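**Student:**
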Amino acid sequence: MPSCAERQGETLLKFLKVKGSGNGAIEILADRREAPSQTARSLAALGVKIEYRTLKVGDYVVSEEVAIERKTYADLAASIVDRRLFSQAQALRECYPRPIILLEMGGSAEVGVSREAIRGAVASMVLDFGIPVIAAEGPEDAAGFIVAMAKREQRQAGAPISLKDRRRPRTPDEEKEYVVASLPMVEVSTARRLLAEFGTVQAVFSASEEDLQRVEKIGPKKARRIREVASTPYGGFKGSAIDGPRQGGPSNNPDGTTRSG
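Here this note's numbering is used: position 121 in the sequence shown is 1078, and no number is missing along the way.
1. Might you give, ordered along the chain, the residues of its own chain that have their beta carbon closer than 7 Å to the beta carbon of residue 1140, omitting 5 neighbours on each side?
2. Do you know offhand how far residue 1053's Cα is from residue 1024's?
3. According to DSSP, is residue 1084 part of a helix, a strand, or is it coil?
4. Check for me: the alpha helix (DSSP H) holding residue 986 runs from which residue to which?
5. Within the chosen definition, does the stretch 999 to 1018 reach the stretch 1094 to 1106 through at least 3 CB pairs nearer than 8 Å?
6. According to DSSP, what are the bridge partners of residue 1024?
7. For the beta strand (DSSP E) that residue 1010 lies in, which residues bound it at each end?
8. Which of helix, strand or coil does DSSP assign to residue 1137?
9. What's the gap between the Cα of residue 1149 and the Cα of residue 1004?
10. Which term fits residue 1038, buried or exposed, when burial requires 16 or more other beta carbons within 10 angstroms of its beta carbon?
11. At what residues does the alpha helix (DSSP H) containing residue 1104 begin and finish?
12. Indicate whether residue 1011 and residue 989 have their beta-carbon atoms separated by less than 8 Å.
13. In whole angstroms, what separates the C-alpha of residue 1036 from that of residue 1042?
14. Which word fits residue 1001, buried or exposed, when buried means at least 16 other C-beta atoms lie within 10 angstroms of its C-beta?
15. Is it right to say residue 1147 is buried, meaning 16 or more other beta carbons lie within 10 angstroms of its own, or is it exposed?
16. My output table needs one value for residue 992: the three-state DSSP class, helix, strand or coil.
17. Thinking just about the alpha-carbon of each residue, which of 1156, 991 and 1109 is nearest to the one in residue 1130?
18. When you compare only the Cα positions, how much space is there between residue 1074 and residue 1109?
19. According to DSSP, what are the bridge partners of residue 1061?
20. Rounded to a whole number of angstroms, what is the C-alpha to C-alpha distance between residue 1055 and residue 1061?
21. Just curious, the alpha helix (DSSP H) that residue 1167 is in, first and last residue?
22. Would you mind reading off the limits of the alpha helix (DSSP H) that contains residue 1051?
23. Quick test of your reading: residue 1161 and residue 1151, contact by CB under 8 Å. State the CB separation rounded to the nearest angstrom.
Listed below in structure tokens is the structure:
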């Protein structure tokens, strides 16, 4: 089955072939839930050609390698509280070699999350997931960053963008980390500790709750959830993981739009 990167890349390639004007115009894919946002309106005002689709991962795709997850400061705070941020980061890293988190700082005064938590989450994105976090002053500034990245990707080589429809190559250890980090409540750093303790993915999935709790940051609740996922029978095929609901539930932006990230 094609990966989400392959599916979204294929869609972007078709869009460029069909709608490419040949005059060097910037063309991007955007999640349809971005359409009412001020950021999208600012992009349109800058002359960007936007194709709206339902994207499983990311809010804007500017090339086969670069996807951008746009977050307002309130989005970031909410996704820290319900831990969507970490599952979104895993999905971005899986699908794109060079993912970006674009943080709109406008309206950042009252979000109900401490500055320490915000700093810690941003540090985790950069250090644990290897995802750069770019701070924009607001929607217009965010649109400017998106245009700059799209220009670099689509014009740097002096030729139209070429998509290869491929997944990011992984080392065997990265694959193991990704599999373990897909467990509930397990981040990449915790996955590494689990693998260091048990040695193999199979051993992690077979470990008892008591053994799991020997690992730093694995308490009774987390150990129980890991065992439930590892030992409960599969309930059947649930449909495509490519198109459909994104990671986490919807949240309302300060600009009145509804988005799930």
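Note that the Cβ used here is the ideal one computed from N, Cα and C, for glycine as well. Bear in mind that the values here come from a model prediction, so they are computed numbers and not experimental data.
**Tutor:** A quick look at the data gives this:
1. Cβ neighbours of residue 1140 beyond the five flanking positions: 1183 and 1186.
2. In a straight line, the C-alpha of residue 1053 is about 7 Å away from that of residue 1024.
3. Shown here, residue 1084 sits in a helix according to DSSP, grouped into three states.
4. Unbroken run through residue 986 is the beta strand (DSSP E), 984 to 988; no alpha helix (DSSP H).
5. These segments touch.
6. DSSP links residue 1024 through a beta bridge to 1018.
7. Residue 1010 -> beta strand (DSSP E) spans 1006 to 1010.
8. Note: residue 1137 maps to helix in three-state DSSP.
9. For residue 1149 and residue 1004, the distance between alpha carbons rounds to 45 Å.
10. It counts as exposed.
11. That run of the alpha helix (DSSP H) goes 1096 to 1112.
12. Taking 8 Å as the Cβ cut-off, residue 1011 and residue 989 qualify as a contacting pair.
13. One C-alpha to the other measures close to 5 Å.
14. Per the 10 Å Cβ criterion, exposed.
15. So residue 1147 ends up on the buried side.
16. For residue 992, the three-state secondary structure derived from DSSP is coil.
17. Answer by Cα proximity: 1156.
18. Straight-line Cα distance between these residues: approximately 33 Å.
19. In DSSP, residue 1061 forms a bridge with 1029 and 1093.
20. When rounded, the distance between both Cα atoms is 19 Å.
21. Element bounds for residue 1167: 1166 to 1169.
22. That run of the alpha helix (DSSP H) goes 1041 to 1052.
23. Rounded, the Cβ-Cβ distance is 5 Å, consistent with contact.
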